Amino acid sequence: RKEVEQDPGPFNVPEGATVAFNCTYSNSASQSFFWYRQDCRKEPKLLMSVYSSGNEDGRFTAQLNRASQYISLLIRDSKLSDSATYLCVVPRDGNKLIFGAGTRLAVHP
Amino acid sequence: EAGVTQSPTHLIKTRGQQATLRCSPISGHTSVYWYQQALGLGLQFLLWYDEGEERNRGNFPPRFSGRQFPNYSSELNVNALELEDSALYLCASRAGTYNSPLHFGNGTRLTVT
Numbered sequence: 841r842k843e844v845e846q847d848p849g850p851f852n853v854p855e856g857a858t859v860a861f862n863c864t865y866s867n868s869a870s871q872s873f874f875w876y877r878q879d880c881r882k883e884p885k886l887l888m889s890v891y892s893s894g895n896e897d898g899r900f901t902a903q904l905n906r907a908s909q910y911i912s913l914l915i916r917d918s919k920l921s922d923s924a925t926y927l928c929v930v931p932r933d934g935n936k937l938i939f940g941a942g943t944r945l946a947v948h949p
Numbered sequence: 014e015a016g017v018t019q020s021p022t023h024l025i026k027t028r029g030q031q032a033t034l035r036c037s038p039i040s041g042h043t044s045v046y047w048y049q050q051a052l053g054l055g056l057q058f059l060l061w062y063d064e065g066e067e068r069n070r071g072n073f074p075p076r077f078s079g080r081q082f083p084n085y086s087s088e089l090n091v092n093a094l095e096l097e098d099s100a101l102y103l104c105a106s107r108a109g110t111y112n113s114p115l116h117f118g119n120g121t122r123l124t125v126t
């Protein structure tokens with residue numbers, strides 16, 4: 841099993857749709873998690889940290905399920921500008937941060 | 014506040030040559046991470062430096078090396094370049110706290126011909 845796994849997609853959704861991505865991880869000791877978005881041929885940009893109690897930032901909600909070892913990202917009211925690749929980040933050995941391969945989202949009019 | 018800066022933006026080398034990539038972290042950040050992203054692929058962890066020391070490295074051969082300077086800037090060196098080293102090399106910095114996220118520079122696009 842890969843250390844961090846994401847469905848590569850693409851997820852093709854219309855504007856206004858709600859879409860959710862999961863990211864599973866294998867190291868049960870992992871503590872802090874993050875979601876990044878990456879536009880084509882650009883650097884990843886932090887979207888949000890993932891707290892154990894779950895957290896929300898506008899249209900974005902992140903959840904952590906420790907028992908099943910996955911984190912999720914929910915995007916409500918999708919915009920065209922949300923089209924990107926979404927990367928989850930899982931720590932290993934404390935400070936070694938491992939990226940998932942990413943999930944592609946394409947929002948269409 | 015200035016973000017993470019990387020130089021050069023683009024670098025073209027021939028097989029067998031050496032490449033040096035540079036990174037300046039956000040002021041106050043002591044940790045620097047290097048990742049390789051080949052075209053169409055995910056980010057692969059290369060190296061992590063903190064307080065001037067190499068703390069961890071990914072599954073890359075020894076010809077990938079680097080260092081961190083007293084001002085926390087960092088260099089990544091790739092010796093004996095191979096065609097498959099062509100990729101976007103991303104540097105990120107992080108504050109010392111355990112739960113802090115990575116902040117990335119714009120990357121150096123290395124092309125080996």
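Those protein sequences? They're chains A and B, same order as listed.
For what it's worth, this note's numbering labels the leading residue of the first sequence as 841, then goes sequentially.
For what it's worth, this note's numbering labels the leading residue of the second sequence as 14, then goes sequentially.
Yeah, the Cβ is synthetic: ideal placement off N, Cα and C, and Gly gets one too.
Just so it is clear, the structure is predicted and the values come from calculations on it, not from any experiment.
Those residues which DSSP pairs with residue i across a bridge
i: K936/A; result: R932/A
i: T901/A; result: E896/A, L914/A
i: Y85/B; result: Y85/B pairs with nothing; no bridge assigned.
i: F861/A; result: L913/A
i: A924/A; result: L945/A
i: N852/A; result: A946/A
i: C36/B; result: Q19/B, S87/B
i: E843/A; result: E843/A is not bridged to any residue.
Cβ of residue i within 9 Å of any chain B Cβ
i: A946/A; result: no
i: E883/A; result: yes
i: V929/A; result: yes
i: A886/A; result: Just to set this straight, residue 886/A is Leu in the shown sequence, not Ala. For L886/A, the answer is yes, since a Cβ of chain B falls inside 9 Å of its Cβ.
i: Q871/A; result: yes
Residue i: contacting residues in chain B (beta-carbon distance under 7 Å)
i: I915/A; result: Result: empty, since nearest Cβ-Cβ is about 19 Å, beyond 7 Å.
Under 8 Å from the C-beta of residue i: neighbouring residues of chain B
i: S813/A; result: Not covered by the structure: residue 813/A. The range shown for chain A is 841 to 949.
i: A941/A; result: L54, G55
i: F874/A; result: P114, L115
i: D933/A; result: N69
Contact with chain A by residue i, beta-carbon distance below 9 Å
i: N72/B; result: no
i: V117/B; result: The question names Val, but residue 117/B in the sequence shown is Phe. Closer than 9 Å to some Cβ of chain A, the Cβ of F117/B qualifies, so yes.
i: W47/B; result: no
i: D63/B; result: yes
Chain-ordered neighbours of residue i on chain A, where CB pairs are closer than 8 Å
i: F58/B; result: K936, L937, I938, F939
Interface partners of residue i on chain A, CB under 9 Å
i: L34/B; result: In chain order: nothing, as chain A lies at least about 14 Å away.
Task: Touch test, the segment 919-938 of chain A against the segment 861-872 of chain A, Cβ-Cβ under 8 Å, three pairs minimum - done: yes
- [ ] Could you name each continuous beta strand (DSSP E) segment of 3 residues or more that falls completely within the segment 87-120 of chain B, going from the start of the chain to the end?
- [x] 87-91, 100-107
- [ ] Evaluate the contact criterion for the segment 95-103 of chain B versus the segment 63-73 of chain B: three or more CB pairs, one atom per stretch, below 8 Å.
- [x] no
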